[in-house]
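Numbering that gives the first Met the number 0 numbers the first residue of the sequence shown as 0 and each following residue consecutively. Okay, structure first, notes after.
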Amino acid sequence: MELDRTRPLWRQIATEIIRRIEAGTYPPGSRVPSTLEIAQEFGVVNATAAKAMRHVREQGWTRGEVCRCSRKTDPQVLPQN
């Protein structure tokens, strides 16, 4: 995915992660890429990737765990669009 550098990068990344969740790329209970992996994939600094993942988590799409990875939430707790 090519990022539009004229728009907030964290929001574009968050939108892409949510799109992947909706598409089934990350099934319920599966591991979502780490902040470092997201930063590397999208060519951004860790702070930008962390902000994107914080937004995804705050929207209810993932939950953080002690292992420092995010997991896709169960379908019954997904946010309604």
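A virtual CB, placed ideally from N, CA and C, is assigned to each residue, including glycine. These numbers come from a predicted model, not from an experiment.
Would you kindly check if the distance between the Cβ of residue j and the Cβ of residue i is under 8 Å?
{"i": "E40", "j": "P32", "result": "yes"}
{"i": "W9", "j": "A51", "result": "yes"}
{"i": "I17", "j": "V43", "result": "no"}
Per DSSP, what kind of secondary structure is residue i in: helix, strand or coil?
{"i": "V31", "result": "strand"}
{"i": "T47", "result": "helix"}
{"i": "R10", "result": "helix"}
{"i": "R62", "result": "strand"}
Whole angstroms are fine: how far does the CA of residue j sit from the CA of residue i?
{"i": "W60", "j": "M0", "result": "20 Å"}
{"i": "P7", "j": "A13", "result": "10 Å"}
{"i": "D3", "j": "P26", "result": "28 Å"}
{"i": "R62", "j": "E36", "result": "17 Å"}
On the criterion of 16 or more Cβ atoms from any shown chain inside 10 Å, does residue i qualify as buried, or is it exposed?
{"i": "T5", "result": "exposed"}
{"i": "A48", "result": "buried"}
{"i": "T34", "result": "buried"}
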